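Position in the sequence shown counted from 1, then plus 386, gives you my numbering. By construction, the Cβ of each residue, glycine as well, lies at the ideal position given by its N, Cα and C atoms. Just so we're clear, the structure is a prediction, and the values are computed from it rather than from any experiment. Working notes for the structure below.
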Amino acid sequence: MRSGEYFPSPEVEKPEPIKLKGIDFDIEDIERAWERDRPLQLSISFPREKCNLNCVYCFTDAYREKTQQSVDVAKSVELLEEAKNLGITNLLLAGHGEPFSNKEIWPLLEKARELDLHVTVFTNGALLNATAIEKLREYPVSFVVKVNSFDPEKENRISGVKKYAEKRDEAIRAMIDAGFNKPDKNGFTRMGVSIMVYKDNADDAGEVIDWALERRILPMVSGTALTGKAVKHLDILGNQEDLKAAFRSVEERVHMRSPELHKQLFTPRSGQVVFNTLTVFVEYPSGSVISNVVQRQNIGHVKETLSAIWERNEKEREKQIEMSRDRINALR
Numbered sequence: 387m388r389s390g391e392y393f394p395s396p397e398v399e400k401p402e403p404i405k406l407k408g409i410d411f412d413i414e415d416i417e418r419a420w421e422r423d424r425p426l427q428l429s430i431s432f433p434r435e436k437c438n439l440n441c442v443y444c445f446t447d448a449y450r451e452k453t454q455q456s457v458d459v460a461k462s463v464e465l466l467e468e469a470k471n472l473g474i475t476n477l478l479l480a481g482h483g484e485p486f487s488n489k490e491i492w493p494l495l496e497k498a499r500e501l502d503l504h505v506t507v508f509t510n511g512a513l514l515n516a517t518a519i520e521k522l523r524e525y526p527v528s529f530v531v532k533v534n535s536f537d538p539e540k541e542n543r544i545s546g547v548k549k550y551a552e553k554r555d556e557a558i559r560a561m562i563d564a565g566f567n568k569p570d571k572n573g574f575t576r577m578g579v580s581i582m583v584y585k586d587n588a589d590d591a592g593e594v595i596d597w598a599l600e601r602r603i604l605p606m607v608s609g610t611a612l613t614g615k616a617v618k619h620l621d622i623l624g625n626q627e628d629l630k631a632a633f634r635s636v637e638e639r640v641h642m643r644s645p646e647l648h649k650q651l652f653t654p655r656s657g658q659v660v661f662n663t664l665t666v667f668v669e670y671p672s673g674s675v676i677s678n679v680v681q682r683q684n685i686g687h688v689k690e691t692l693s694a695i696w697e698r699n700e701k702e703r704e705k706q707i708e709m710s711r712d713r714i715n716a717l718r
């Protein structure tokens, strides 16, 4: 029996669509941000060195900062007040490292709560115990947990760490017990799973999607990019054609379940909900502010104010708006 079958399933009459509190903004909110020329989201990437896993598909080797400049992550606490004044309503913690590997995350969460900012944390879950999760229930926090498979052997192999899947599953159980997957009065859940599709997990990914939907958990699906560490593990991940076939298989499975669900999960493709909003991206330890996680053009540094960086980079803002419009129009 796969580990996912042990998790409790709350009764839900209509399991779709599912919206994740924090990063799933209403289209009206996004359009107002375009009109006001203000960002909705601050994204902070923690240092890659602070990660408790060794995933074979990790992309961060391809993006190592070629700089001696270093900024403490604690600087991000100072950024939050600036971000709030700039119009930002969600703090996204994701990227190069595991956020809960950094002790600085707790004062960051405290400051976000003080400022009434929501926080969306992409995490592998292995460093979170039931006590921490119960504490976080009182914070304005949503979780997106890495779940590529409920097969422990397969997940541990891809993560590069023994017993990872078991620790992750304990965290997922605790999140469900704490009610993170229960929708609020506006229908938003505070729990998602991120699924990276590769050669051997297409069926697993489909099972994770079904499992998540039944529990009001948002599945976020992406294909594996052959960059960074991934190019050394083609035997596990597959070549480009293998990856395309696997991703197509998952798409077809979701489309058979519901064309509307397929539209929700797959239309935005790269970056998913992140690129539907105007976002300021900050990377540590360099302190660089970049245009977006794909183009990675350096547009400033945290030693400046976020408002100064935002105002100076009008062309980059226009690119973000154009990118956002394309994806929002595809979702209409």
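For residue i, the three-state DSSP class (helix, strand or coil)
{"i": "residue 488", "result": "coil"}
{"i": "residue 428", "result": "strand"}
{"i": "residue 674", "result": "strand"}
{"i": "residue 669", "result": "strand"}
{"i": "residue 687", "result": "strand"}
{"i": "residue 648", "result": "helix"}
{"i": "residue 529", "result": "strand"}
{"i": "residue 700", "result": "helix"}
{"i": "residue 619", "result": "coil"}
{"i": "residue 517", "result": "helix"}
{"i": "residue 440", "result": "coil"}
{"i": "residue 627", "result": "helix"}
{"i": "residue 710", "result": "helix"}
{"i": "residue 547", "result": "coil"}
{"i": "residue 415", "result": "helix"}
{"i": "residue 554", "result": "helix"}
{"i": "residue 512", "result": "coil"}
{"i": "residue 523", "result": "coil"}
{"i": "residue 471", "result": "helix"}
{"i": "residue 535", "result": "coil"}
Closest by C-alpha distance to residue i, when choosing among the options
{"i": "residue 502", "options": "572, 652, 466 and 596", "result": "466"}
{"i": "residue 714", "options": "702, 667, 652 and 587", "result": "652"}
{"i": "residue 546", "options": "607, 439, 702 and 692", "result": "439"}
{"i": "residue 559", "options": "580, 587, 512 and 615", "result": "512"}
{"i": "residue 469", "options": "708, 695 and 710", "result": "695"}
{"i": "residue 619", "options": "601, 420 and 585", "result": "585"}
{"i": "residue 671", "options": "521, 553 and 458", "result": "458"}
{"i": "residue 609", "options": "635, 709, 698 and 597", "result": "635"}
{"i": "residue 508", "options": "492, 486, 518 and 555", "result": "486"}
{"i": "residue 410", "options": "553, 577 and 698", "result": "577"}
{"i": "residue 591", "options": "563, 710, 554 and 637", "result": "637"}
{"i": "residue 405", "options": "601, 564 and 437", "result": "601"}
{"i": "residue 611", "options": "705, 605, 688 and 445", "result": "445"}
{"i": "residue 707", "options": "425, 630 and 544", "result": "425"}
{"i": "residue 516", "options": "643, 564 and 437", "result": "564"}
{"i": "residue 518", "options": "616, 630, 705 and 492", "result": "492"}
{"i": "residue 473", "options": "421, 431 and 683", "result": "421"}
{"i": "residue 617", "options": "429, 542, 443 and 418", "result": "443"}
Whole-angstrom distance between residue j and residue i, CA atom to CA atom
{"i": "residue 665", "j": "residue 477", "result": "10 Å"}
{"i": "residue 536", "j": "residue 690", "result": "44 Å"}
{"i": "residue 524", "j": "residue 628", "result": "43 Å"}
{"i": "residue 414", "j": "residue 506", "result": "20 Å"}
{"i": "residue 657", "j": "residue 649", "result": "With a pLDDT of 38 at residue 657, under the threshold of 50, the predicted position of this residue should be treated as unreliable, and no value is reported."}
{"i": "residue 416", "j": "residue 423", "result": "10 Å"}
{"i": "residue 461", "j": "residue 494", "result": "9 Å"}
{"i": "residue 490", "j": "residue 703", "result": "29 Å"}
{"i": "residue 538", "j": "residue 484", "result": "20 Å"}
{"i": "residue 531", "j": "residue 510", "result": "5 Å"}
{"i": "residue 603", "j": "residue 593", "result": "13 Å"}
{"i": "residue 700", "j": "residue 693", "result": "12 Å"}
{"i": "residue 641", "j": "residue 647", "result": "7 Å"}
{"i": "residue 580", "j": "residue 632", "result": "16 Å"}
{"i": "residue 496", "j": "residue 550", "result": "28 Å"}
{"i": "residue 556", "j": "residue 614", "result": "30 Å"}
{"i": "residue 570", "j": "residue 407", "result": "9 Å"}
{"i": "residue 574", "j": "residue 645", "result": "21 Å"}
{"i": "residue 480", "j": "residue 441", "result": "15 Å"}
{"i": "residue 566", "j": "residue 522", "result": "10 Å"}
{"i": "residue 709", "j": "residue 548", "result": "40 Å"}
{"i": "residue 514", "j": "residue 520", "result": "10 Å"}
{"i": "residue 527", "j": "residue 540", "result": "29 Å"}
{"i": "residue 427", "j": "residue 475", "result": "6 Å"}
In DSSP terms, what residue i is bridged to
{"i": "residue 479", "result": "430 and 507"}
{"i": "residue 608", "result": "582"}
{"i": "residue 406", "result": "575"}
Cβ-heavy atom distance, residue i to the ligand GTP, below 8 Å
{"i": "residue 496", "result": "Looking for the ligand GTP in the displayed structure turns up nothing, as the structure carries no ligands at all."}
Q: Would you list, in sequence order, the uninterrupted alpha helix (DSSP H) runs of no fewer than 4 residues that lie entirely inside the segment 562–601?
A: 588–600
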